[in-house]
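If you read the sequence shown in the numbering used here, its first letter stands for residue 299, the second for the next number, and so on.
Just so you know, even glycine gets a beta-carbon here, dropped at the ideal spot from N, CA and C.
Have a look at the structure below before the remarks.
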Amino acid sequence: MKTNMKTNMKTKMTTLLQSALFAMAAVSFTVTAAPLTTEQQNQVRELIRETLVNNPQILEEAVTAWQQQSAEQAGAQLGKVIEQNRDALFNDAASPRIGAKNAKLTLVSFTDYNCPYCKQFDPQLEKIVKKYPDVAVVIKLLPFKGETSQSSAQYALTLWQQNPARFAALHQRLMSKKGYHTDSSIASALKSTDNAGLKIDDKTLDEVRSSLRLADVMGVQGTPATLIGQQMIPGAISYDDLEQVVKAELARASS
299 MKTNMKTNMK
309 TKMTTLLQSA
319 LFAMAAVSFT
329 VTAAPLTTEQ
339 QNQVRELIRE
349 TLVNNPQILE
359 EAVTAWQQQS
369 AEQAGAQLGK
379 VIEQNRDALF
389 NDAASPRIGA
399 KNAKLTLVSF
409 TDYNCPYCKQ
419 FDPQLEKIVK
429 KYPDVAVVIK
439 LLPFKGETSQ
449 SSAQYALTLW
459 QQNPARFAAL
469 HQRLMSKKGY
479 HTDSSIASAL
489 KSTDNAGLKI
499 DDKTLDEVRS
509 SLRLADVMGV
519 QGTPATLIGQ
529 QMIPGAISYD
539 DLEQVVKAEL
549 ARASS
């Protein structure tokens with residue numbers, strides 16, 4: 299995927315660069331002389347081709363500059379959205395939270411108890427908060443995958459509201475289920491964590507809807523998606539990559 303993306307970007311940059319050079323050459327000749335003949339146009343094209351072939355670093359430099367500019371623009375836009383939704387992201391008491399109480403860095407995890415990649419990725423988030431005492435994770439549950447996505451989310455949110463200290467055990471149990479949940483598997487998770495009598499609080503539906511609206515505003519199109527500092531990380535990245543981003547954002551937050 300990364301190789302294809304880079305190839306596509308190079309192709310686009312090649313086209314853009316060639317077009318730009320053609321345009322500059324055409325403008326130069328138009329201003330200083332009569333319009334180019336067909337032969338002259340062919341000579342200019344050949345000169346440009348030779349320039350690109352003999353100096354391929356031009357394309358590399360252009361691609362790098364374009365990537366950096368795009369990343370900076372995306373980061374600036376995301377930063378604005380974060381500021382506009384800071385309370386909903388980090389300070390919503392209805393959203394479960396694990397890790398540091400007074401965190402220097404708070405991650406926001408958009409996740410789903412029926413999402414297989416979320417099940418792979420969630421233990422890495424737990425490992426991060428255990429290793430880094432200044433890190434917290436806010437959990438936004440998104441029912442993207444059916445009715446049991448929503449019901450499992452509402453059970454977890456109800457427990458968070460009623461007894462936050464018991465949330466983590468149920469959360470881990472719901473995440474450990476392979477495949478999609480059923481009513482039976484949810485009941486089993488509740489029973490195994492001593493929450494068999496728990497009844498869904500209908501008010502938790504408001505939190506689910508709030509998380510869905512927030513995900514839409516943040517540009518989340520699937521789960522898992524993790525907000526780390528000024529970066530939205532899509533998908534289940536490796537622990538090493540996750541830790542690298544966390545360390546960089548912690549350093550930035552502490553500077």
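Given this structure, state the Cα-to-Cα distance separating residue i from residue j, to the nearest angstrom.
i, j, result
"Ser-486", "Pro-421", "20 Å"
"Pro-394", "Leu-455", "7 Å"
"Gly-444", "Pro-522", "16 Å"
"Thr-335", "Arg-343", "12 Å"
"Met-473", "Asn-412", "8 Å"
"Gln-375", "Ser-482", "43 Å"
"Ser-509", "Lys-438", "6 Å"
"Tyr-478", "Gln-448", "12 Å"
"Lys-545", "Gly-495", "41 Å"
"Lys-425", "Glu-348", "53 Å"
"Ile-484", "Thr-491", "11 Å"
"Lys-475", "Ile-356", "51 Å"
"Leu-525", "Gln-338", "54 Å"
"Ala-467", "Glu-359", "50 Å"
"Ala-551", "Lys-402", "7 Å"
"Arg-471", "Trp-458", "14 Å"
"Asn-461", "Asp-500", "16 Å"
"Leu-540", "Ala-386", "23 Å"
"Gln-529", "Leu-405", "10 Å"
"Asp-390", "Lys-429", "25 Å"
"Pro-333", "Gln-341", "14 Å"
"Ala-549", "Val-427", "16 Å"
"Leu-345", "Pro-354", "14 Å"
"Ile-380", "Arg-507", "18 Å"
"Tyr-415", "Lys-378", "28 Å"
"Leu-440", "Ser-553", "33 Å"
"Ile-531", "His-469", "21 Å"
List the endpoints of the continuous alpha helix (DSSP H) containing residue i.
i, result
"Gln-542", "537-552"
"Ile-526", "That residue, Ile-526, is in no alpha helix (DSSP H); its beta strand (DSSP E) goes 523-526."
"Gln-448", "445-460"
"Val-351", "336-352"
"Asp-387", "Looking at the sequence itself, residue 387 is Leu, so the reference to Asp does not match. Here the alpha helix (DSSP H) through Leu-387 covers 384-388."
"Thr-502", "502-515"
"Ser-483", "481-490"
Got a sec, what are the start and stop residues for the beta strand (DSSP E) residue i sits in?
i, result
"Leu-472", "Segment 465-474 is the alpha helix (DSSP H) holding Leu-472; no beta strand (DSSP E) there."
"Pro-431", "Element bounds for Pro-431: n/a, residue is neither H nor E."
"Leu-403", "403-409"
"Gly-397", "395-397"
"Pro-532", "529-532"
Is the CB-CB distance between residue i and residue j below 7 Å?
i, j, result
"Glu-547", "Ala-392", "no"
"Asp-410", "Phe-388", "no"
"Ile-396", "Val-435", "yes"
Relative to the alpha-carbon of residue i, which residue among the options has its alpha-carbon at the smallest distance?
i, options, result
"Lys-489", "Arg-464, Leu-503, Pro-414", "Arg-464"
"Thr-480", "Gly-377, Phe-408, Ser-450, Ile-346", "Ser-450"
"Gly-520", "Ala-534, Ile-484, Ile-526", "Ala-534"
"Val-399", "Ala-466, Pro-431, Ile-346", "A small correction: the amino acid at residue 399 is Lys; Val does not occupy that position in the sequence shown. It is Pro-431 whose Cα lies nearest to the Cα of Lys-399."
"Val-518", "Ser-553, Phe-408, Leu-345, Phe-419", "Phe-408"
"Leu-423", "Ser-553, Ala-549, Tyr-537", "Tyr-537"
"Asn-383", "Ser-553, Lys-497, Arg-511, Ile-531", "Arg-511"
"Thr-446", "Val-361, Ile-498, Ile-531", "Ile-498"
Answer with buried or exposed for residue i, where buried requires no fewer than 16 other C-beta atoms within 10 angstroms of its C-beta.
i, result
"Val-325", "Annotation note: pLDDT 49 at Val-325 (below 50); position unreliable, coordinate value reported separately. When all chains shown are included, Val-325 counts as exposed."
"Ala-583", "With the chain represented from 299 up to 553, any question about residue 583 goes unanswered, as that position is not in the structure."
"Gln-452", "buried"
"Gln-542", "exposed"
"Asn-493", "buried"
"Lys-417", "buried"
"Gly-527", "buried"
"Ile-515", "It should be noted that the sequence gives Val, not Ile, for residue 515. Classification for Val-515: exposed."
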